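For the sequence shown, counting from 1, position 42 maps to 44 in my numbering; every step adds exactly one. Glycine included, every Cβ here is placed at the ideal spot set by N, Cα and C. Since this is a predicted model, take the numbers as computed values, not measurements. Presented below is the structure to which this report refers.
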Amino acid sequence: MDHFAAQHQRLRSLFGVFFAPEVTAALLPLARPALRLGADGEATVRLGGTPLLPPGEDWPTWEGRPLDFLLAVDFAELAEVMDVPGVPAAGQAAFYYASGIPRPWGDDGAQRDGWRLVTGDLGEVEAPEGTATFPMCPLAAASFLSLPAPQEAVVRRLEERYSGILPVYEQLHAAWLQHVWPDDTPVHQIGGWPVLVQRPLGPDCAQASSGSPEEGDEWRLLLQLDSDRRLGWDWGEPGRVYFCTRSVTSLENAWLMLQAAG
């Protein structure tokens with residue numbers, strides 16, 4: 003609590019230098035708790051390494067290609083660091099993706115099987131031939147307050163209300179990201195606001211065939227994976243993969259989006 007109080011006060015001071023009190027008062031409640039992966043400390047998330055699946059679970063495939071194991075998450079361990087709204091407080095999940103080119107971007111419902119979020123009691127399994135394997139990279143989680151990207155609709159609505167704040171907010175948002183993610187650290191994150199490369203995560207970006215989004219539903223970030231040389235992940239420069247969901251009780255329906263600047 004003290005940690006978030008300090009960050010909240012830092013944001014209040016940052017916004018207060020550049021914005022009128024009413025603008026600062028409108029921006030501060032938008033901050034969302036999140037977990038940054040890569041901090042110093044005991045590892046709570048394992049990227050890459052030996053694949054994990056529940057006993058008896060078939061290896062996920064897409065168009066005849068075996069998907070690639072990206073990471074596994076024990077949400078109970080994460081909950082010991084912080085209870086993040088929109089993120090399960092218990093259970094395990096393994097994240098799979100057809101990471102090789104051509105890869106799904108999540109902008110077409112026909113790509114739905116190009117990623118998989120498998121839940122249950124996970125155990126080590128042998129990867130089939132043709133699967134990309136990545137070195138194990140254990141990461142610790144640290145809590146922080148995330149801010150909505152300038153592209154988010156909620157920020158655009160504030161610009162309509164307080165004309166002229168957007169260019170300043172863009173600079174302050176970039177400064178906050180630099181504070182949270184120093185030294186070009188890969189931007190791996192669980193929960194909170196996504197660090198967008200392009201457009202917001204939202205129903206207009208996903209045309210699901212099952213569990214399809216409806217008007218007014220909100221996609222919330224579950225997991226964000228940055229390009230990472232340590233693992234051989236190259237999603238673009240910059241490029242990020244986002245797993246998003248509308249319900250923590252149906253993670254299997256999570257949607258994936260890939261965004262890249264080039």
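Run of the alpha helix (DSSP H) containing residue i, from where it starts to where it stops
i, result
"valine 182", "168 to 182"
"leucine 160", "155 to 163"
CB contact flag (residue i, residue j, <9 Å)
i, j, result
"tryptophan 61", "aspartate 115", "no"
"valine 199", "glutamine 261", "yes"
"threonine 121", "alanine 95", "yes"
"alanine 134", "glycine 234", "yes"
"leucine 73", "leucine 227", "yes"
"leucine 55", "alanine 256", "no"
"leucine 179", "valine 170", "no"
"cysteine 139", "arginine 242", "no"
"tryptophan 183", "arginine 34", "no"
"arginine 248", "arginine 222", "yes"
"proline 137", "glycine 40", "no"
"aspartate 158", "leucine 149", "The displayed chain sequence assigns arginine, not aspartate, to residue 158. Against a cut-off of 9 Å, the Cβ pair of leucine 149 and arginine 158 comes out as no contact."
"tryptophan 117", "leucine 69", "yes"
"aspartate 110", "methionine 259", "no"
"phenylalanine 77", "valine 89", "yes"
"glutamate 128", "proline 53", "yes"
"leucine 160", "valine 25", "yes"
8 Å contact criterion, which residue i and residue j should meet: CB distance rounded
i, j, result
"proline 196", "tyrosine 244", "6 Å"
"alanine 36", "glycine 132", "Actually they do not touch by this definition, with Cβ atoms about 35 Å apart."
"leucine 30", "phenylalanine 17", "7 Å"
"leucine 225", "phenylalanine 97", "7 Å"
"glycine 102", "proline 57", "Contact flag wrong, Cβ pair sits at about 27 Å."
"arginine 67", "alanine 100", "6 Å"
"serine 229", "proline 240", "7 Å"
Span of the beta strand (DSSP E), counted from its first residue to its last, around residue i
i, result
"leucine 225", "222 to 228"
"threonine 26", "First-last for threonine 26: 23 to 29, but that is the alpha helix (DSSP H), not the beta strand (DSSP E)."
"leucine 147", "139 to 148"
"phenylalanine 245", "241 to 247"
"arginine 48", "47 to 49"
"glutamine 191", "190 to 192"
"leucine 258", "257 to 262"
Contact with chain B by residue i, beta-carbon distance below 9 Å
i, result
"proline 68", "The structure shown contains no chain B; it holds only a single protein chain."
Length-filtered (3 minimum) beta strand (DSSP E) runs lying within the stretch 74 to 134: Those beta strand (DSSP E) runs which fall completely within the stretch 74 to 134 and span 3+ residues are 94 to 99 and 117 to 121.
Validate contact between the stretch 37 to 57 and the stretch 136 to 143 using beta carbons, cut 8 Å, 3 pairs: Taking 8 Å as the limit for Cβ pairs, the verdict is that the stretch 136 to 143 does touch the stretch 37 to 57.
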